[in-house]
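**Student:**
Residue numbers (this note's numbering): 733 to 1204.
(1) Do the region 972-984 and the region 909-916 touch if we need at least three Cβ pairs shorter than 8 Å?
(2) Going residue by residue through the region 903-931, where are the continuous alpha helix (DSSP H) segments of at least 4 residues, counting only ones entirely within it?
(3) Return the CA-CA distance between residue 1160 and residue 991, expressed in angstroms with no decimal places.
(4) Start and end of the alpha helix (DSSP H) containing residue 746?
(5) Count the other CB atoms within 10 Å of the CB of residue 1155; is the residue buried (16 or more) or exposed (fewer)?
(6) Helix or strand or just coil, what does DSSP make of residue 1118?
(7) Hey, would you say residue 818 sits closer than 7 Å to residue 854, going by beta carbons?
(8) Quick one: what's got a C-beta closer than 6 Å to residue 903's C-beta in the same chain, skipping five residues either side?
(9) Is residue 1098 helix, strand or coil by DSSP?
(10) Checking 7 Å against the spacing of the C-beta atoms, do residue 1127 and residue 925 come in under that value?
(11) What residues in its chain sit with their C-beta under 7 Å from that of residue 748, if we drop five residues either side in the sequence?
(12) Quick check on residue 763: does DSSP put it in helix, strand or coil?
(13) Could you say which of 861, 1092 and 736 lies nearest to residue 1113 if we only look at CA atoms?
(14) Give the DSSP-derived three-state secondary structure of residue 1023 in the structure shown.
(15) Does the Cβ of residue 1147 have 16 or more other Cβ atoms within 10 Å, making it buried, or fewer, making it exposed?
(16) Could you say if the region 951-965 and the region 741-760 meet the contact criterion of at least three C-beta pairs nearer than 8 Å?
(17) Is the region 1001-1015 close to the region 803-818, with three or more CB pairs under 8 Å?
(18) Name the two residues that bound the continuous alpha helix (DSSP H) containing residue 839.
(19) Taking the alpha helix (DSSP H) that residue 845 falls in, what are its first and last residues?
(20) For residue 1162, which three-state DSSP category applies?
(21) Ignore the nearest five residues each way along the sequence and tell me which others in residue 735's own chain have a CB closer than 6 Å to its CB.
(22) Taking the C-alpha atoms as reference points, what is the distance between residue 935 and residue 1191?
(23) What separation, rounded to the nearest whole angstrom, lies between the Cα atoms of residue 765 and residue 1041?
(24) Counting along the chain, where does the alpha helix (DSSP H) carrying residue 1004 start and finish?
(25) How many Å lie between residue 1003 and residue 900 at the Cα?
(26) Using the three-state DSSP reduction, which class does residue 869 fall into: helix, strand or coil?
(27) Round the Cβ separation of residue 846 and residue 821 to the nearest angstrom and send it over; I've been treating them as touching at under 8 Å.
(28) Measure the Cβ-Cβ separation of residue 780 and residue 875 and say whether it is below 7 Å.
(29) Figure out for me which residue from 1186, 945, 782 and 1056 has the closest Cα to the Cα of residue 1097.
(30) Closest to residue 1130 by CA distance: which of 1173, 1175 and 956 is it?
(31) Would you call residue 1068 buried or exposed, if buried means 16 or more other Cβ atoms sit within 10 Å of its Cβ?
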C-alpha cells in the first residue's frame, strides 16, 4: 500500500486517524497504531511480516543484554545479524552474479524477493542498538513499544530513518492538538502533490527517454531525460518524506526534516547536508566518526570517505551503478576538500557545477547498467546530431502539461517559505500584518484543498504512480 493510492487516502488513513483521535487512553492509541502498522506492511509484504517481527525481537533482546552487561560482544552480534539479514535478502543475487562474471563460473543465483523497506527498518534497528550501547538512550523494556517505533507505518517502508531517541518520549507521552493536526494534514497534502502532480509527470518523460537506445539520443533529448529524472527523484522522495512527517505530526510524533532544498546547494558537500539528511547523518554518526572521521590525517580521511560513499551507494541497491554513483559523489567531495579554491569560485559557477554534477550522478543512478550510463552521459556532452529523427524524440515529450509542471518543479525546488510571513513577525504584528496573515492562511487552505482534489482526480484516472525508494 502506498500513500499515493486511493485505498490509503480514502480508507486506511481516515479510519486509522479517526480511531486514534477518539481513543483517549495512550496505551490503546499505541496498540491501535501498532496494529495498523502491521496491517499496512502485511498488505504489501504478507510473507515478510514475520521477518520484521523477528528482526525487532532480536534487536530488543540484544539491547537488553547490552544495557545489563555492557559487553561489546552483544553489539557485534547485533550488527552481524542485522547486516546479515539485509545482505541475504538484498545482496545475495548481486554478489553471486558479480562472482560469476569476474571468475567466469556459473554459480546458481537464487531469486530472493526484496522485502519492502528492509534497508530503512534495519538501519533504524541498528541505530537503536548502537545508541543503547553508547548509553545515549535506555533500553526499551517493552517489546511492543520498540515494535511500534520500528514498524510505525508513516516511516516504515521509505523513511526517513528515525532515531529512537528522537521519538522515545512521544511513545509514552504525546499530544496532537488542532494546530498540529492541521499542520500535519497540510504537510501530507503538499507531499502528495509533490509525488502525484510533479514527480509522476516527470517520471513519464524520464522513463520514455531512458528506455530509448543511447544511439538514438542527442544532446537535447539526453538533457531533457536527465533533468526530468533529477526532478522525479527529488519530488518522489521529498514528497514521501513530507507525507511521513505530516502523518507523524497528525498522530503526535515529530520526525526530523529529511530534505532542505538540496538543489540550491553551492557545492557537493552542501548538497549532502541537504539531501536525504537522515541517511547522511546515519553514516556520519555510525560509520564515518567511528572510523576516525577526519581526525587521523589526510590519508585516513580519504579512506574513510571512500568507505562511507561506497556504502552509501551500496545501500541504495544491489547494482554497480549505485556503487559508482556513491563513489562519484565521494570523489567530488574529496576534490572540494583538498582543493579549497573551488569553494571560492563565484556562486553562480558553483551552483552550475553542483547541479551538473548531481544531474550526471543521477543518470548513473538511474541507468540499468554502467555501459548504459556511459552511453547516456556521452550523449549529454557530445550528441550534436540534430537530424529530424533525433529531434522528434526531443519534441515528443515536451507537452504543454509537462512544460508547466517542469517550471513549477523548478520553482518548488527553492525555499518558498521565504515569501511567507515569519511566525516571529506575526507575534509582534500590527493590524495590517494580521490581515496579511489571514490572507496567507486562507490562500494556503484553498491551495491545499485544490492540490488534494487534483491529486484524487489524477489517481482516479489511473495516472502513472511509481515510488522510486520502495526498491531500497
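Just so you know, even glycine gets a beta-carbon here, dropped at the ideal spot from N, CA and C.
**Tutor:** By the coordinates alone:
(1) yes
(2) 910-925
(3) Note that residue 1160 scores a pLDDT of 45, beneath 50, so its modelled location is shaky; the value from the coordinates is reported in the next line. Going by the C-alpha atoms only, they are around 30 Å apart.
(4) 745-754
(5) Because residue 1155 carries a pLDDT of 39, less than 50, the predicted location of this residue cannot be relied on, and the following value inherits that uncertainty. It is exposed - the Cβ of residue 1155 has fewer than 16 other Cβ atoms within 10 Å.
(6) coil
(7) yes
(8) 877
(9) helix
(10) no
(11) 768
(12) helix
(13) 1092
(14) helix
(15) exposed
(16) no
(17) no
(18) Neither: residue 839 is in no alpha helix (DSSP H) and is coded neither H nor E.
(19) That residue, residue 845, is in no alpha helix (DSSP H); it is neither H nor E in DSSP.
(20) For residue 1162, the pLDDT reaches just 43, beneath the cut-off of 50, and the residue's location in the model is therefore unreliable, although a value from the coordinates is still provided. In this structure, residue 1162 counts as coil in the three-state DSSP scheme.
(21) 975
(22) 15 Å
(23) 35 Å
(24) 1000-1006
(25) 30 Å
(26) coil
(27) 6 Å
(28) no
(29) 1056
(30) 956
(31) buried
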